[in-house]
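Okay, so here's the structure we're looking at.
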Amino acid sequence: MAAKAARDAKLNAARAEMLQALRKAEAKVAANTAPATWETYLPERLKNVKIEGEPASDLLELLRKPEPARRPLRRQLTPEEMARIDAMCCTKEDTGKQKKGPGRPRKDAAKKAKKEKVAGTKAAAAAADTPAADALPPPPGVSAHGRRALDAVWALEFGPDKTNPFRTRLAKDACEALGMPDYHDVVDTVADLALAREKVNKGQYYDDAALRHDVRLMAANARAYHGAESDVAKSGERLAAAFDTVLGGGDV
1067 MAAKAARDAK LNAARAEMLQ ALRKAEAKVA ANTAPATWET YLPERLKNVK IEGEPASDLL
1127 ELLRKPEPAR RPLRRQLTPE EMARIDAMCC TKEDTGKQKK GPGRPRKDAA KKAKKEKVAG
1187 TKAAAAAADT PAADALPPPP GVSAHGRRAL DAVWALEFGP DKTNPFRTRL AKDACEALGM
1247 PDYHDVVDTV ADLALAREKV NKGQYYDDAA LRHDVRLMAA NARAYHGAES DVAKSGERLA
1307 AAFDTVLGGG DV
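Residue 1067 is where the sequence shown starts when you use this note's numbering, and the numbers rise one by one after that.
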């Protein structure tokens, strides 16, 4: 009984940690309410940061061009796009330290060796304190409530034609057949209900929060590709809201 109670406590702690991280990410998106465009927000974020892999080099090149090439950069960013810019930026390390002079090679080498020895000692101590992988409890996975919520939004139908576009597996060939050949260029991470069901059946979700993240991503992708006022985007909002309702024990 004591072992089971300890295991349950670890599972609950892991789930609480995941939910806390999810709430922080959602709060960050919600906080980005000030009007911003690529032309204003991106350079502001790049003042004291570097971009890993330089994914924004094309945008920066556009910023240097005269009108009318810069007009697309004046579209107002969505909170999700602003959060994505924040996420891809990493703080620069302090570069103000003076370089070592040429007359101190032995002293520098001794300092380096000492640092490496200390780091090795700390790593060994950390490894000794870390439990083996097989000693940790398995991830909780998607609960019965999560599976019920996924089945509920799968059954939803939208519009006069009573269809659910989120059931379609949005592979590249399917997108081309649907008249959306550029979908994978616009949407960074594709998500749909068919893929979500496949991941649930294969046990690829850590918990309900991970599944909920993908359902909300479906709504975000619909806004990004079809526009916030489109019927598909509005259906996506209904989809995400219905999932949360059923996950919380309600009905739709």
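All C-beta atoms, glycine included, are put in the ideal place defined by N, C-alpha and C.
Since the structure is predicted, the reported quantities are computational estimates derived from the model, not experimental observations.
Cutting at 7 Å between CB atoms, please list the residues of its own chain near residue i, excluding the five before and the five after it.
i, result
"L1339", "Since the first residue shown for the chain is 1067 and the last is 1318, residue 1339 is missing from the structure and cannot be characterised."
"Y1272", "M1084 and P1205"
"R1081", "P1206 and D1273"
"M1284", "F1232, A1257, D1258, G1302 and L1305"
How many Å lie between residue i and residue j at the Cα?
i, j, result
"L1244", "K1070", "51 Å"
"A1068", "Y1291", "52 Å"
"G1314", "H1211", "8 Å"
"A1218", "K1090", "27 Å"
"G1269", "S1209", "11 Å"
"D1227", "H1279", "28 Å"
"A1308", "K1076", "30 Å"
"R1073", "V1318", "34 Å"
"G1316", "D1310", "9 Å"
"T1229", "V1252", "24 Å"
"A1288", "S1296", "9 Å"
"A1079", "A1240", "41 Å"
"D1254", "E1182", "40 Å"
Can you name the start and end residues of the alpha helix (DSSP H) that residue i belongs to?
i, result
"R1282", "D1274 to H1292"
"A1257", "Per DSSP, A1257 belongs to no alpha helix (DSSP H) and is neither H nor E."
"E1242", "K1238 to A1243"
"V1312", "D1297 to L1313"
"G1212", "A1210 to W1220"
"D1251", "Y1249 to V1252"
Given a cut-off of 8 Å on the beta-carbon distance, is the pair residue i and residue j in contact?
i, j, result
"L1222", "L1305", "yes"
"L1277", "A1294", "no"
"V1312", "P1231", "no"
"R1214", "V1266", "no"
Given a threshold of 16 other Cβ atoms within 10 Å of its Cβ, counted over all protein chains shown, does residue i qualify as buried or as exposed?
i, result
"P1247", "exposed"
"G1225", "exposed"
"A1093", "exposed"
Below 6 Å CB to CB, which residues in the same chain sit around residue i once its five sequence neighbours on both sides are set aside?
i, result
"R1282", "A1306"
"K1238", "H1250"
"S1301", "F1224"
Within a Cβ cutoff of 8 Å, which residues of the same chain sit near residue i, ignoring the five residues on either side of it in sequence?
i, result
"R1233", "W1220, D1258, L1259 and A1260"
At a threshold of 7 Å, does residue i count as lining the ligand SAM (C-beta to nearest heavy atom)?
i, result
"K1265", "With respect to the ligand SAM, the structure offers nothing, as it holds no ligand at all."
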